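Numbering (UniProt numbering), first residue to last: 1 to 114. Report on one structure; see the data block that follows.
See the structure below:
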């Protein structure tokens with residue numbers, strides 16, 4: 001596994017470009033950045049040019065962190081953005097590709113249990 005993290009600033013797009021050499025991206029947490037503001041921050045995601053969906057909604061001093069369990073394929077661009085006054089940190093890891101011993105043509109991915 002390889003750690004992955006990014007800080008997304010308000011109304012900024014972060015693009016995760018396809019990179020088959022890294023494997024699938026697993027995002028496990030969203031955490032509100034530093035600052036004091038009572039307005040909520042919504043983390044949005046768009047995969048492959050589709051309409052954005054809300055991943056989570058965060059508020060300072062109420063719910064500043066959200067556990068996520070999201071996997072993104074390595075062959076599609078993913079766009080993240082934040083609608084709100086504060087930045088949000090997304091963290092996770094890349095699942096490394098490995099070849100299956102049963103069939104060398106099938107790709108498998110390591111998980112935390114491996």
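Think of the CB as a built atom: it goes at the ideal place given N, C-alpha and C, for glycine as much as any other residue. If you're wondering where the values come from, they're calculated on a predicted model, not measured in any experiment.
Tell me the residue span of the beta strand (DSSP E) that contains residue i.
i          : result
residue 90 : 88-95
residue 31 : 24-32
residue 67 : 65-72
residue 21 : Taken as a continuous stretch (DSSP letters only), residue 21 belongs to no beta strand (DSSP E), as it is neither H nor E.
May I ask you to report which of helix, strand or coil DSSP gives residue i?
i          : result
residue 5  : strand
residue 11 : coil
residue 83 : strand
residue 59 : strand
residue 54 : strand
Straight-line CA distance for residue i to residue j?
i          : j          : result
residue 8  : residue 95 : 22 angstroms
residue 79 : residue 86 : 18 angstroms
Can you tell me which of the options puts its alpha carbon nearest to the alpha carbon of residue i?
i          : options          : result
residue 40 : 48, 61, 2 and 27 : 61
residue 57 : 77, 69, 5 and 88 : 88
residue 50 : 77, 14 and 84    : 77
residue 63 : 12, 4, 43 and 31 : 31
residue 72 : 34, 20 and 10    : 20
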